[in-house]
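K.L.:
Residues 566 to 634 (this note's numbering) are what the sequence shown spells out, left to right.
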Amino acid sequence: MLVCPLCYVCTDCGELKSTQMASWLASRGTQQQFMAPYMSAHNGRVERIHCTLRNKARTMRLQADLHVN
566 MLVCPLCYVC TDCGELKSTQ MASWLASRGT QQQFMAPYMS AHNGRVERIH CTLRNKARTM
626 RLQADLHVN
C-alpha cells in the first residue's frame, strides 16, 4: 500500500475553519488552504473527480436495480 503524506487541506471556509482544526493539522505538518465559498470552479480537478464518482455510483445502482435516490 502506498502511503503519501497529506500536505494540504483545501476547504471553502466552512466547518473546517477553526483554531482547533488549524492546530490539529499543523501538528501533523499539513497546511490549510481556503477558497471562496460557492466557487467550485476554483477547485476544478476535485470537482470533476466528484462528478465522475457520482456518475459511476449511479450507474452501479441502476445496474443492480437499486433506487437512485
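Idealized CB from N, CA, C, for every residue including glycine.
Tell me the start and end of each unbroken alpha helix (DSSP H) in the stretch 567 to 633 that is at least 4 residues and wholly inside, in chain order.
P.N.:
Here the runs fully enclosed are 584 to 592 and 609 to 628.
K.L.:
Roughly how many angstroms separate the alpha carbons of P602 and E580, rounded to a whole number?
P.N.:
Taking the straight line from one Cα to the other gives about 12 Å.
K.L.:
Out of Q598, R610, R593 and G609, state which residue places its alpha-carbon closest to the alpha-carbon of C578.
P.N.:
Comparing Cα-Cα distances from C578 to each of Q598, R610, R593 and G609, the minimum goes to Q598.
K.L.:
Keeping to the same chain, check which residues put their C-beta closer than 8 Å to that of A606; ignore five residues upstream and five downstream.
P.N.:
The answer, listed in chain order, is E612.
K.L.:
Tell me which residues share the same chain as C575 and place their Cβ nearer than 7 Å to its Cβ, disregarding the 5 neighbours each side in the sequence.
P.N.:
Answer for C575: Q598, M600 and N608, listed in chain order.
K.L.:
Which residue wins for smallest C-alpha separation from G594, given the options D630, L631, L571 and L627?
P.N.:
Nearest option by C-alpha distance: L571.
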